[in-house]
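Here is the structure we will look at, set down as structure tokens.
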Amino acid sequence: MLEFSVKSGAPEKQRTACLIVGVFEARRLTPAAETIDQASDGFLSAITRRGDMDGELGDTLLLHGVPNIQADRVLLVGLGKERELDTRGLVKATRSAVEALHHRGTAECVSHLSEIDVRGSSLEQVLRQSIVAIEDTLYRFDELKSDKTQGPRRPLRKVTFILPTRKELMDAERYVREATAISNGMRMAKNLANMPGNLLTPTTMAEHARKMTETHLQLSVEVLDQSRMESLGMNALLAVAKGSSEPPKMIVMEHMGADADTAPIVLVGKGVTFDSGGISLKPGPDMDQMKFDMGGAAATIGVMSAVAEMQLPINVVALIPTVENMPDGNALKPGDIIRSMSGQTIEVLNTDAEGRLILCDALTYAARYKPAAIIDLATLTGACIIALGREPSAVLGNHNPLIRELIQAGESANDRAWQLPLWEEYQDLLKSNFADMANIGGREGGSITAAAFLSRFTREHHWAHLDIAGTAWKVGESKGATGRPVPLLTEFLMNRARQQQEAGGGSTS
Ligand code: BES
Ligand code: MN
Ligand code: ZN
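Numbering (our numbering), first residue to last: 198 to 706.
Below is the structure:
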């Protein structure tokens with residue numbers, strides 16, 4: 198965990214192991230770089246003239262012995278074309294900068310990148326995006342490696358951001374605290390999701406949630422066990438758990454930051470700690486990735502950590518149905534018909550479409566909170582990756598303003614979502630000859646029929662569904678959890694909290 202701070206001041210006066218300044222294309226010095234250049238009798242411009250740094254986005258050059266300044270080193274960072282620099286560009290430049298420093302014994306640095314005018318971005322966004330990007334770049338999951346000395350000898354520990362002017366100091370300090378809360382939430386989500394299925398089970402996830410109340414005093418946590426769920430009639434959820442020796446749980450977390458009578462936002466996170474497919478067994482290759490099938494649950498817990506740390510004046514309830522999906526003599530079988538908590542019956546044509554079965558009972562349970570909106574997040578369909586790739590999460594729902602709000606929040610949080618249609622016509626694909634509905638709708642439009650299934654359990658509420666199958670984790674060399682969509686949802690909740698306050702909705706904090 199890094200330490201971040203803000204201050205104002207002149208670049209040549211910063212006493213630091215490393216000063217970070219930007220260079221635009223083509224070889225145009227930023228104001229901070231210009232100041233250093235003047236103080237050092239043209240040291241930087243001589244370097245750019247020789248062609249060592251053109252300002253290409255993400256390029257870096259570490260300089261020693263820059264004369265007449267207090268800093269030990271200067272890191273030049275390419276920012277691309279000045280007029281094109283947006284938040285994504287800033288994130289890319291920031292990532293390169295910390296990568297360049299981390300392994301070079303610089304435990305601390307001062308960055309002037311936060312002074313730069315970024316297209317369509319406020320100081321709040323610049324600081325938040327920078328901090329989130331730095332934490333994400335330096336994140337490693339090495340808890341389960343024996344050799345803990347693999348990292349750099351003197352890793353980066355402290356980053357100070359220089360502000361354009363002194364008068365932003367108070368606000369900026371708050372932005373740093375908020376960004377830190379978001380980063381901490383993302384780290385928690387990543388740590389949970391990266392944890393393998395033998396160590397992270399429904400039971401250990403519930404223990405983790407319970408433990409969070411020790412550090413976040415405002416959070417309350419309740420865990421519904423199997424017998425409690427039986428008496429509530431959560432048969433769809435319980436049916437998925439039948440094939441596993443791990444008992445299922447429903448984790449309920451509450452953050453009541455606003456008046457008790459303010460309707461909460463309910464988040465529902467899919468928590469399949471391992472998805473083998475059940476009797477409809479998945480093929481072998483890459484099956485290990487199905488330990489990430491609790492990415493929705495992990496992000497939900499991460500969001501709760503962030504809102505609790507910020508003491509956000511809003512009411513949020515998190516529901517986390519969590520099970521393991523395994524084949525076994527007791528397991529759910531294709532053709533089985535189950536009665537969900539809502540009373541609707543479901544013909545299970547494929548036991549690998551288990552996410553919707555655990556979510557539907559959680560969505561029914563959500564009604565008791567009389568929510569202002571329900572948002573579920575789930576690694577629900579492989580079809581989502583086919584449709585949209587791994588850039589955006591898919592968003593579908595029954596209330597377009599809510600969907601637009603989420604897309605907008607994702608846009609400004611650099612955690613994008615893209616809408617897929619959910620027209621009534623798709624419901625026909627879920628027809629069953631033997632029950633009220635089937636749990637699958639065939640190969641076509643797989644993400645949409647999955648959402649169509651969920652919509653039948655949340656007709657009475659404003660509801661949106663985020664399919665995060667393509668965004669919750671990365672594959673290939675950098676295989677691992679991303680902590681998405683913690684930034685999108687936290688941004689959404691911060692916006693909602695602000696709106697409620699402006700509308701005069703009271704707060705208890
Ligand atoms: N957890 C998977 C979805 C998934 C697959 C996410 C691959 C990310 C990568 C989900 O439970 C599942 O198996 N869905 C099936 C649905 C099908 C049986 C209708 C799928 O996508 O194949
Ligand atoms: Mn599945
Ligand atoms: Zn699954």
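Ideal placement from N, C-alpha and C gives every residue a C-beta, glycine not left out.
Less than 7 Å separating the Cβ of residue i from some heavy atom of the ligand ZN?
| i | result |
| --- | --- |
| THR576 | yes |
Taking 7 Å as the cut-off, is the CB of residue i close to at least one heavy atom of the ligand MN?
| i | result |
| --- | --- |
| ALA569 | no |
| ASN522 | yes |
| GLY348 | no |
| GLY474 | yes |
| ALA460 | no |
Let me make sure I understand the geometry here. Which of the options has the alpha-carbon closest to that of residue i?
| i | options | result |
| --- | --- | --- |
| MET450 | SER417, GLY248, ASP458, SER477 | SER417 |
| ILE600 | GLY499, ASP664, SER308 | ASP664 |
| PRO349 | ARG363, GLU296, VAL356, GLU312 | GLU296 |
| ARG147 | GLY667, TRP615, HIS659 | Because the chain spans 198 through 706 in this model, residue 147 falls outside it and cannot be assessed. |
| GLN322 | ASP573, ILE379, ALA564 | ILE379 |
| MET484 | ALA496, ALA495, PHE471, GLY493 | PHE471 |
| GLU621 | ASN395, ILE645, VAL373 | ILE645 |
| PHE631 | GLY532, PRO361, ARG325 | GLY532 |
| GLY499 | ALA390, LEU397, ALA457, PRO510 | ALA390 |
| GLU506 | MET487, GLY454, GLY466, VAL463 | GLY454 |
| THR561 | HIS300, GLU688, SER537 | SER537 |
| ALA230 | ASP256, ILE571, LEU310, HIS300 | LEU310 |
| LEU556 | GLU608, LEU516, SER590 | LEU516 |
| ASN707 | LEU509, ALA575, LEU216 | Coverage of the chain is limited to positions 198 through 706, which leaves residue 707 absent and any answer about it impossible. |
| ALA669 | ALA591, VAL203, ALA635, THR227 | ALA591 |
| GLY286 | VAL263, SER318, ASN265, SER652 | SER318 |
| ALA649 | ALA494, PRO618, THR679 | PRO618 |
| LEU241 | LEU254, GLU253, LEU226, GLU281 | LEU226 |
| GLY239 | LEU341, PRO264, ALA369 | PRO264 |
| SER609 | ARG407, ARG374, HIS405, PHE689 | PHE689 |
| ASP183 | VAL271, ASP256, ALA223, GLY677 | Outside the shown range of the chain (198 to 706) lies residue 183, about which nothing can therefore be said. |
| ALA635 | GLN696, GLN541, LEU577, PRO682 | GLN541 |
| ALA207 | THR576, GLU305, VAL514, LEU216 | LEU216 |
| ALA694 | HIS452, GLY440, GLY526 | HIS452 |
Less than 8 Å between the CB atoms is what I'm expecting for residue i and residue j, so what's the real figure, rounded?
| i | j | result |
| --- | --- | --- |
| VAL315 | ASP339 | Rounded, the Cβ-Cβ distance is 33 Å, inconsistent with contact. |
| ALA460 | LYS567 | 6 Å |
| ASP549 | GLY474 | 4 Å |
| GLN267 | ARG212 | 5 Å |
| ILE462 | ILE511 | 7 Å |
| THR519 | ILE448 | 6 Å |
| LEU478 | PRO524 | 6 Å |
| LEU320 | ALA290 | Actually they are not in contact, since the Cβ atoms of LEU320 and ALA290 sit about 17 Å apart, beyond 8 Å. |
| ALA496 | VAL683 | 5 Å |
| ILE534 | ALA433 | No, ILE534 and ALA433 are not in contact; Cβ-Cβ is about 11 Å, not under 8 Å. |
Around the C-beta of residue i, are 16 or more other C-beta atoms found within 10 angstroms, so that it is buried, or is it exposed?
| i | result |
| --- | --- |
| SER706 | At SER706 the pLDDT is 46, less than 50, meaning the model places this residue with poor confidence and gives no usable figure here. |
| ARG613 | buried |
| ALA330 | buried |
| ALA700 | exposed |
| ASP333 | buried |
| ASN611 | buried |
| MET250 | buried |
| VAL274 | buried |
| ASN595 | buried |
| MET544 | First, the amino acid is wrong: residue 544 is Glu here, not Met. So GLU544 counts as buried. |
| PRO445 | buried |
| ARG325 | buried |
| GLU411 | exposed |
Verify the contact flag: residue i, CB atom, against every heavy atom of the ligand BES, threshold strictly below 7 Å.
| i | result |
| --- | --- |
| ASN547 | yes |
| ALA580 | yes |
| GLY481 | no |
| ALA550 | yes |
| GLY302 | no |
| GLY532 | no |
| ILE637 | yes |
| ALA294 | no |
| GLY680 | no |
| MET487 | yes |
| ALA378 | no |
| GLY643 | yes |
| ALA666 | yes |
Around the ligand ZN, Cβ to any heavy atom closer than 5 Å, ordered along the chain: VAL469, ASP472, ASP490, GLY552
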